[in-house]
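Participant: Numbering (the UniProt record's numbering), first residue to last: 1 to 404.
Glycine residues also receive a C-beta, built at the ideal position from the N, C-alpha and C atoms.
Just so you know, these numbers come straight off a predicted model, no measurement behind them.
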Ligand code: FAD
């Protein structure tokens with residue numbers, strides 16, 4: 001559609017959620033001349049600091065960077081990113097070995113700080129003309145009247161705002177998805193993993209530098225469970241410990257050394273002292289790097305992991321879902337955000353190519369739903385690979401041969 005087409009200036013859209021996908025999608029549409037309003041339940045992180053508090057980072061891959069480049073956000077994001085050349089595997093016997101992702105530094109991934117990334121994307125959205133409305137939590141939707149109902153959780157005030165179409169970028173627990181499911185059958189099902197995670201931290205060294213090699217994604221694979229660490233530009237590492245939820249028999253690695261006993265789980269590793277004992281036994285080279293281990297373990301929440309499947313992502317021309325709201329996945333392939341960013345580009349392009357929104361939403365779903373299913377399956381497979389196979393000598397030999 002030509003830039004001076006009168007239909008272009010009429011085009012308005014409402015995005016729910018100013019997280020990673022919501023902010024990027026809003027930017028891409030505003031840059032195409034759309035009038036975009038974004039409603040976010042939390043406060044503006046640029047005013048109050050990122051509410052997540054702790055440093056939590058994400059692996060950014062080429063598919064995500066491509067979307068950031070299109071929005072003009074890549075340079076600002078990359079200014080804070082830390083390069084990860086490969087997996088640094090920490091074996092049980094103390095050996096450490098780097099498995100590169102590619103032949104050279106053109107094939108790498110990047111560690112980015114979730115809070116800083118969100119702030120960059122919000123700044124870029126605002127500069128593109130997006131109207132950001134914070135403290136507006138979507139509560140319900142009257143799809144017939146096309147009115148969205150929001151609540152400001154600070155004072156419980158209600159706000160009723162008309163819309164033409166809603167884009168649900170409100171994450172895995174999407175309220176918009178719930179509202180849509182009252183209108184049509186979305187075919188929703190969630191598979192929760194029987195493993196959960198806990199985030200811990202490696203602080204900077206006494207001289208202010210990194211305590212271990214910053215240019216790698218560190219992995220301590222231990223069969224049925226594992227630990228990983230990703231670098232932050234503030235010289236810290238975010239460590240994530242993945243354990244089964246319940247005790248399971250573990251012949252290879254019984255927790256108290258008796259064959260046939262169970263391995264560690266969040267049911268048996270409950271306190272900071274339990275965590276220290278686990279690290280002393282299974283991650284001894286990581287333990288001295290984490291002086292706050294006990295406190296982190298006890299203060300930080302345990303996160304659950306799951307995969308969300310939907311058969312349909314859209315409600316005619318009135319609503320569509322993207323990112324985690326449409327296809328949340330387990331984090332082991334590091335692709336949830338990257339996949340969400342690809343959604344943003346695809347939906348912006350479909351919307352910009354036709355005046356028929358229902359057709360654009362349907363075309364977006366037809367393009368992206370099969371892709372997201374494939375990535376979800378790869379993410380589940382990668383859990384087995386990361387925790388079980390990266391320290392397997394046959395596997396390493398095969399990978400080495402593939403790379404020569
Ligand atoms: P979110 O980031 O969840 O954003 C949703 C936004 O909507 C939030 O701002 C929220 O406040 C807002 N919101 C929610 N409800 C409402 C409402 N009712 N009204 C208004 N606003 C609302 N992905 C990667 O690519 N690489 C990784 O390395 C990686 N690691 C991960 C590690 C872990 C432990 C986890 C759990 C996930 C990881 N992911 C990773 C996945 C990634 O975090 C998500 O895929 C990504 O955040 C999805 O972005 P989103 O914008 O769709 O959702």
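Residue 88 lies in the beta strand (DSSP E); which residues open and close that run?
Facilitator: For the purposes of this step, residue 88 is taken as residue 88 along the chain shown, with counting starting at 1. Residue 88 -> beta strand (DSSP E) spans 86-90.
Participant: According to the Cβ coordinates, are residue 147 and residue 158 closer than 8 Å?
Facilitator: One-based indexing of the chain shown puts residue 147 at position 147. One-based indexing of the chain shown puts residue 158 at position 158. No, they are not a contact pair.
Participant: For the beta strand (DSSP E) that residue 226 lies in, which residues bound it at each end?
Facilitator: As a working note, residue 226 is residue 226 in the chain shown. Note, residue 226: beta strand (DSSP E), 226-231.
Participant: Measure the C-alpha to C-alpha separation of residue 33 and residue 351 and round it to an integer number of angstroms.
Facilitator: Counting from one through the chain shown, the residue named residue 33 turns up at place 33. Counting from one through the chain shown, the residue named residue 351 turns up at place 351. Cα to Cα, residue 33 sits roughly 12 Å from residue 351.
Participant: Is it the case that the region 338-348 contacts the region 219-227, given that we only count it when at least three CB pairs across the two stretches are under 8 Å?
Facilitator: Short answer: they don't touch.
Participant: Using 10 angstroms around the beta-carbon of residue 173, count the other beta-carbons present and answer buried if the total reaches 16, otherwise exposed.
Facilitator: Start at 1 with the first residue of the chain shown, and residue 173 comes out as number 173. Exposed.
Participant: Helix or strand or just coil, what does DSSP make of residue 425?
Facilitator: An answer regarding residue 425 cannot be provided, because it is not within the stretch 1 to 404 covered by the chain.
Participant: Let me make sure I understand the geometry here. Which of 98, 112, 195 has the alpha-carbon closest to that of residue 65?
Facilitator: Here residue 65 refers to the residue found at position 65 when the chain shown is read from its first residue. Considering only alpha carbons, the answer is 112.
Participant: Tell me the rounded alpha-carbon separation between residue 176 and residue 243.
Facilitator: Here residue 176 refers to the residue found at position 176 when the chain shown is read from its first residue. Here residue 243 refers to the residue found at position 243 when the chain shown is read from its first residue. About 32 Å.
Participant: Around the Cβ of residue 205, are there at least 16 other Cβ atoms within 10 angstroms (buried) or fewer (exposed)?
Facilitator: One-based indexing of the chain shown puts residue 205 at position 205. So residue 205 ends up on the exposed side.
Participant: Considering just the uninterrupted stretch of the beta strand (DSSP E) at residue 112, what are its terminal residues?
Facilitator: Position 112 of the chain shown holds residue 112. Here the beta strand (DSSP E) through residue 112 covers 109-113.
Participant: With a threshold of 7 Å, establish whether the CB of residue 378 neighbours any heavy atom of the ligand FAD.
Facilitator: In the chain shown, residue 378 corresponds to position 378, counting from 1. Result no, Cβ not under 7 Å from the ligand FAD.
Participant: Between which two residues does the beta strand (DSSP E) carrying residue 269 extend?
Facilitator: The sequence position of residue 269 within the chain shown is 269, counting from 1. Taken as a continuous stretch (DSSP letters only), residue 269 belongs to no beta strand (DSSP E), as it is neither H nor E.
Participant: Identify the residues that DSSP records as bridge partners of residue 196: which are they?
Facilitator: Position 196 of the chain shown, counting from 1, holds the residue named residue 196. Note: residue 196 sits in a beta bridge opposite 243, 304.
Participant: Can you look up residue 191 in the DSSP assignment and give me helix, strand or coil?
Facilitator: Translated into positions along the chain shown, residue 191 becomes position 191. Strand at residue 191.
Participant: So what does DSSP say about residue 131, is it helix, strand or coil?
Facilitator: By 1-based counting over the chain shown, the position of residue 131 is 131. Reduced to three states, the DSSP call for residue 131 is strand.
Participant: Please classify residue 293: does DSSP put it in a helix, a strand, or coil?
Facilitator: Here residue 293 refers to the residue found at position 293 when the chain shown is read from its first residue. Here residue 293 sits in helix by DSSP.
Participant: If you draw a straight line from the alpha carbon of residue 109 to that of residue 61, how long is it in whole angstroms?
Facilitator: As a first step, residue 109 must be located in the chain shown, where it is residue number 109. As a first step, residue 61 must be located in the chain shown, where it is residue number 61. Roughly 5 Å separates the two Cα atoms.
Participant: What are the boundary residues of the alpha helix (DSSP H) that includes residue 352?
Facilitator: Taking the first residue of the chain shown as position 1, residue 352 is located at position 352. Counting along the chain, the alpha helix (DSSP H) containing residue 352 begins and ends at 336-353.
Participant: In the DSSP assignment, find the unbroken alpha helix (DSSP H) run with residue 166 in it and report its ends.
Facilitator: Indexing the chain shown from 1 puts residue 166 at position 166. Premise fails: residue 166 lies in the beta strand (DSSP E), 166-168, not in any alpha helix (DSSP H).
Participant: Near residue 209, what residues of its chain come up, given a Cβ to Cβ distance below 7 Å and the 5 sequence neighbours on each side ignored?
Facilitator: Position 209 of the chain shown, counting from 1, holds the residue named residue 209. Hits under 7 Å: 235.
Participant: Hey, how far is the Cα of residue 356 from the Cα of residue 166?
Facilitator: By 1-based counting over the chain shown, the position of residue 356 is 356. By 1-based counting over the chain shown, the position of residue 166 is 166. Near 15 Å, if we compare the C-alpha coordinates of residue 166 and residue 356.
Participant: Let me make sure I understand the geometry here. Which of 178, 327, 226 has the alpha-carbon closest to that of residue 308?
Facilitator: Sequence index remark: in the chain shown, residue 308 carries index 308 (1-based). Comparing Cα positions, the closest option is 327.
Participant: Using the Cα positions of residue 346 and residue 364, report the straight-line distance between them to the nearest angstrom.
Facilitator: For the purposes of this step, residue 346 is identified with residue 346 of the chain shown, where counting begins at 1. For the purposes of this step, residue 364 is identified with residue 364 of the chain shown, where counting begins at 1. Approximately 6 Å between the Cα atoms of the pair.
Participant: When you compare only the Cα positions, how much space is there between residue 366 and residue 375?
Facilitator: Sequence index remark: in the chain shown, residue 366 carries index 366 (1-based). Sequence index remark: in the chain shown, residue 375 carries index 375 (1-based). Rounded to the nearest angstrom, the two C-alpha atoms are 15 Å apart.
Participant: Given 7 Å as the limit, tell me if residue 214 has its C-beta closer than that to any heavy atom belonging to the ligand FAD.
Facilitator: For the purposes of this step, residue 214 is identified with residue 214 of the chain shown, where counting begins at 1. No, the beta carbon of residue 214 sits no closer than 7 Å to any heavy atom of the ligand FAD.
Participant: Determine contact between the region 121-132 and the region 21-29, defined as no fewer than three beta-carbon pairs at a distance below 8 Å.
Facilitator: As far as the Cβ criterion goes, the region 121-132 touches the region 21-29, which means the pair count is three or higher.
Participant: Would you mind stating whether residue 134 and residue 44 have Cβ atoms separated by less than 8 Å?
Facilitator: Here residue 134 refers to the residue found at position 134 when the chain shown is read from its first residue. Here residue 44 refers to the residue found at position 44 when the chain shown is read from its first residue. Their beta carbons are under 8 Å apart, which means residue 134 touches residue 44 by this criterion.
Participant: In whole angstroms, what is the alpha-carbon distance linking residue 266 and residue 279?
Facilitator: Your numbering for residue 266 matches position 266 in the chain shown. Your numbering for residue 279 matches position 279 in the chain shown. So the two alpha carbons sit approximately 14 Å from each other.
Participant: Going by other Cβ atoms of all chains shown within 10 Å of its Cβ, with 16 needed for buried, is residue 324 buried or exposed?
Facilitator: Working through the chain shown from its first residue, we reach residue 324 at position 324. With 16 or more Cβ atoms within 10 Å of its Cβ, residue 324 is classed as buried.
Participant: Below 8 Å between beta carbons: does that hold for residue 348 and residue 28?
Facilitator: Position 348 of the chain shown, counted from the start, is the residue given in the question as residue 348. Position 28 of the chain shown, counted from the start, is the residue given in the question as residue 28. Yes, Cβ-Cβ distance for residue 348 and residue 28 is below 8 Å.
Participant: Measure from the alpha carbon of residue 36 to the alpha carbon of each residue in 12, 297, 59, then state which is nearest.
Facilitator: As a first step, residue 36 must be located in the chain shown, where it is residue number 36. Of 12, 297, 59, the residue nearest in Cα terms is 12.
Participant: Using a Cβ-Cβ cut-off of 6 Å (strictly less than) and excluding sequence neighbours within five positions of residue 131, which residues of its own chain qualify?
Facilitator: Counted from its first residue, the chain shown places residue 131 at position 131. Taken in chain order, the residues that qualify are 37.
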